[in-house]
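Have a look at the structure below before the remarks.
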Amino acid sequence: MAQDLILHHFDLSPFAEKIRLILGCKAAHWRSVKIPMLMPKPDVVALTGGYRRTPTLQIGADIWCDSALIARVLDQRLAGPVLHPDEVPLAPVLAQWADWSLFWSVIDFVSQPACIEYRFGHLSQEERAAIAADRTPFRASVPRLTAADAGANLNQYLASLQAQLAAGQDFLLGPITIADFSVAQCLWHLRRGGPPAQALVAPYTRLLQWHERVLAFGHGSSEEMPSADAIAIAAQAQGHEPTSFFAEVGVALGQPIAVAATDYGMEPSEGVLVGLGPSEVVLSRTDARAGTVHVHFPRAGFRMMPSGA
Ligand SMILES: N[C@@H](CCC(=O)N[C@@H](CS)C(=O)NCC(=O)O)C(=O)O
Numbered sequence: 480m481a482q483d484l485i486l487h488h489f490d491l492s493p494f495a496e497k498i499r500l501i502l503g504c505k506a507a508h509w510r511s512v513k514i515p516m517l518m519p520k521p522d523v524v525a526l527t528g529g530y531r532r533t534p535t536l537q538i539g540a541d542i543w544c545d546s547a548l549i550a551r552v553l554d555q556r557l558a559g560p561v562l563h564p565d566e567v568p569l570a571p572v573l574a575q576w577a578d579w580s581l582f583w584s585v586i587d588f589v590s591q592p593a594c595i596e597y598r599f600g601h602l603s604q605e606e607r608a609a610i611a612a613d614r615t616p617f618r619a620s621v622p623r624l625t626a627a628d629a630g631a632n633l634n635q636y637l638a639s640l641q642a643q644l645a646a647g648q649d650f651l652l653g654p655i656t657i658a659d660f661s662v663a664q665c666l667w668h669l670r671r672g673g674p675p676a677q678a679l680v681a682p683y684t685r686l687l688q689w690h691e692r693v694l695a696f697g698h699g700s701s702e703e704m705p706s707a708d709a710i711a712i713a714a715q716a717q718g719h720e721p722t723s724f725f726a727e728v729g730v731a732l733g734q735p736i737a738v739a740a741t742d743y744g745m746e747p748s749e750g751v752l753v754g755l756g757p758s759e760v761v762l763s764r765t766d767a768r769a770g771t772v773h774v775h776f777p778r779a780g781f782r783m784m785p786s787g788a
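For the sequence shown, the working numbering assigns the number 480 to the initial residue and increments by one for each residue that follows.
Below, the structure is given as structure tokens:
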């Protein structure tokens, strides 16, 4: 089964780094499809029906969107440490805090001019303008922080995380959990932010040691695959993952609906509802190239709407 994992991602994506590190922790073998960092992304949208965020996971003609859901799918399917252990029920909650509060403080801190120069100094003005033109509407719903405000947040957050490690355990909540990977992806992005970011993290030596421990998992082993091949795999796949249906007021199996994130990057995917549970909603849709694909979204953090709304 591990042979069948296809990750659609790009190198600089922090949320993709979270999944790559989980694949490393699980010693997985996977196929790597490099996708564009900016829209248009025709081969991504052929599989998702609209969702454009990074990363997505493909197995045959099933596509999973959002790293929180992808992490659960990998946890269920791959051997290695259990990252959502029953005895640490708040691990996904800490992960979600990191994916939102910590992440956006990092993004706004490394968006200050000295960091931008370090990160994007090698790009032309046109390339930098293209990134800004793509990402400004993408994150328009997220409050923008000044670098000073973001830095103040980060100092408080990093101090708390470091204090959490004071008891001497290797990982944030004792055993390794999904929270370690969500915090690690944020720190990974921050530490690549140039001199202001290096200066900010430098005092947190115990936290940096923990970060090195998580980064040491590596990425497992992967082989590159062109996106056209991944689409052909979807088109040729026989059948889909089994889904279940837990009734929710106002929706019925077989109903045409749209699903979209509620936080940012809210491009909807449209299809027919084929699965619904406490943790996922699944659409079936047919694409001219990919055939009939089932697209899985987390239930939390996404909304279901009548198709075309
Ligand atoms: N909640 C989502 C967030 C994903 C996200 O924001 N990814 C960024 C890249 S790190 C993104 O989609 N950027 C725009 C893009 O890749 O088109 C997840 O956990 O997967």
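Positions of the beta carbon are idealized from the N, C-alpha and C atoms, including for glycine.
A quick note: this is a predicted structure, and the numbers were derived from the prediction, not measured.
message: Can you tell me whether ILE657 is helix, strand or coil according to DSSP?
response: Helix.
Inter-residue Cα distance where the pair is GLY787 and GLU749: The alpha-carbon of GLY787 is positioned some 8 angstroms away from that of GLU749.
message: Given 7 angstroms as the limit, tell me if MET516 has its C-beta closer than that to any heavy atom belonging to ligand 1.
response: Yes; taking the cut-off as 7 angstroms, the Cβ of MET516 has a heavy atom of ligand 1 nearer than that.
Among ILE657, VAL680, MET784, nearest to HIS466 - alpha-carbon criterion: The requested residue 466 is not part of the displayed model; the chain covers only 480 to 788.
field: According to DSSP, residues forming a beta bridge with LEU536
entry: LEU536 is bridged to LEU486, TRP543.
task: Could you say which of VAL523, ALA507, LYS505, HIS508 lies nearest to PHE489 if we only look at CA atoms?
output: The shortest C-alpha separation from PHE489 is found at VAL523.
message: Between the region 714-732 and the region 674-690, can you find at least three pairs of beta-carbon atoms closer than 8 angstroms?
response: Remark: fewer than three beta-carbon pairs, one from each stretch, lie closer than 8 angstroms, so the region 674-690 and the region 714-732 are not flagged as touching.
field: Expected contact under 8 angstroms - CB spacing of MET783 and VAL760 to nearest Å
entry: Rounded to the nearest angstrom, the Cβ distance from MET783 to VAL760 is 6 angstroms, consistent with a contact under 8 angstroms.
query: With distances taken between CB atoms, is the gap from THR656 to LEU517 smaller than 8 angstroms?
result: Pairing THR656 with LEU517 gives a Cβ-Cβ distance that is not under 8 angstroms.
field: Assigned secondary structure, GLU453 (DSSP; H/G/I helix, E/B strand, else coil)
entry: Outside the displayed span of the chain (480 to 788) sits residue 453, for which this structure offers no information.
message: Could you tell me the alpha carbon to alpha carbon distance between TYR743 and ALA767, rounded to whole angstroms?
response: Whole-angstrom Cα-Cα distance: 28 angstroms.
message: Which same chain residues end up closer than 6 angstroms to ILE736 when comparing Cβ atoms and leaving out the 5 residues on each side of it in sequence?
response: Around ILE736: LEU752, MET783, SER786.
query: Under the three-state reduction of DSSP, which class applies to ARG764: helix, strand or coil?
result: In this structure, ARG764 counts as strand in the three-state DSSP scheme.
- request: In angstroms with no decimal places, state the Cα-to-Cα distance between GLU596 and ARG618.
  value: Taking the straight line joining both Cα atoms gives about 21 angstroms.
message: Using a Cβ-Cβ cutoff of less than 6 angstroms, which residues in the same chain neighbour PHE666 once the five nearest sequence positions on both sides are dropped?
response: The residue you asked about is not Phe; residue 666 is Leu in the sequence shown. The answer, listed in chain order, is HIS690.
Residues of its chain near PRO564, where Cβ-Cβ distance is below 8 angstroms and the 5 sequence neighbours each way are ignored: Same-chain partners within the cutoff: ALA570, PRO654, THR656.
message: I'd like to check one pair, LEU640 with LEU621: are the Cβ atoms closer than 8 angstroms?
response: A quick correction: the sequence has Val, not Leu, at residue 621. Cβ atoms of VAL621 and LEU640: not closer than 8 angstroms.
ARG531 beta carbon near ligand 1 (any heavy atom closer than 7 angstroms): Yes.
message: Could you give the first and the last residue of the continuous alpha helix (DSSP H) run that contains SER639?
response: Here the alpha helix (DSSP H) through SER639 covers 626-643.
message: Classify MET480: buried if its beta carbon has 16 or more other beta carbons within 10 angstroms, exposed otherwise.
response: Note that MET480 scores 42 on pLDDT, short of 50, meaning its location in the model is unreliable; the coordinates nonetheless yield the value given after this. The residue is exposed, with fewer than 16 neighbouring Cβ atoms inside 10 Å.
Cβ neighbour criterion (16 or more within 10 Å) applied to SER492: Its Cβ being crowded by 16 or more others within 10 Å, SER492 is buried.
field: Euclidean distance between Cα positions of ILE514 and PRO560
entry: Computed Cα separation, rounded: 29 angstroms.
- prompt: Going by the CB atoms, is the gap between GLN555 and ILE485 shorter than 8 angstroms?
  reply: Taking 8 angstroms as the Cβ cut-off, ILE485 and GLN555 do not qualify as a contacting pair.
query: Is the beta carbon of ASP565 within less than 7 angstroms of some heavy atom of ligand 1?
result: ASP565 Cβ: outside cutoff for every heavy atom of ligand 1.
- prompt: Regarding SER706 and ligand 1, is the C-beta to nearest heavy atom distance less than 7 angstroms?
  reply: False, no ligand heavy atom lies under 7 angstroms from that Cβ.
field: ASN632 versus ASP659 - alpha carbon distance
entry: Put simply, the backbone Cα of ASN632 is about 19 angstroms away from that of ASP659.
- request: For the region 585-604 and the region 531-545, state whether three or more C-beta atom pairs, one from each stretch, are separated by less than 8 angstroms.
  value: At 8 angstroms Cβ cutoff, the stretches do not touch.
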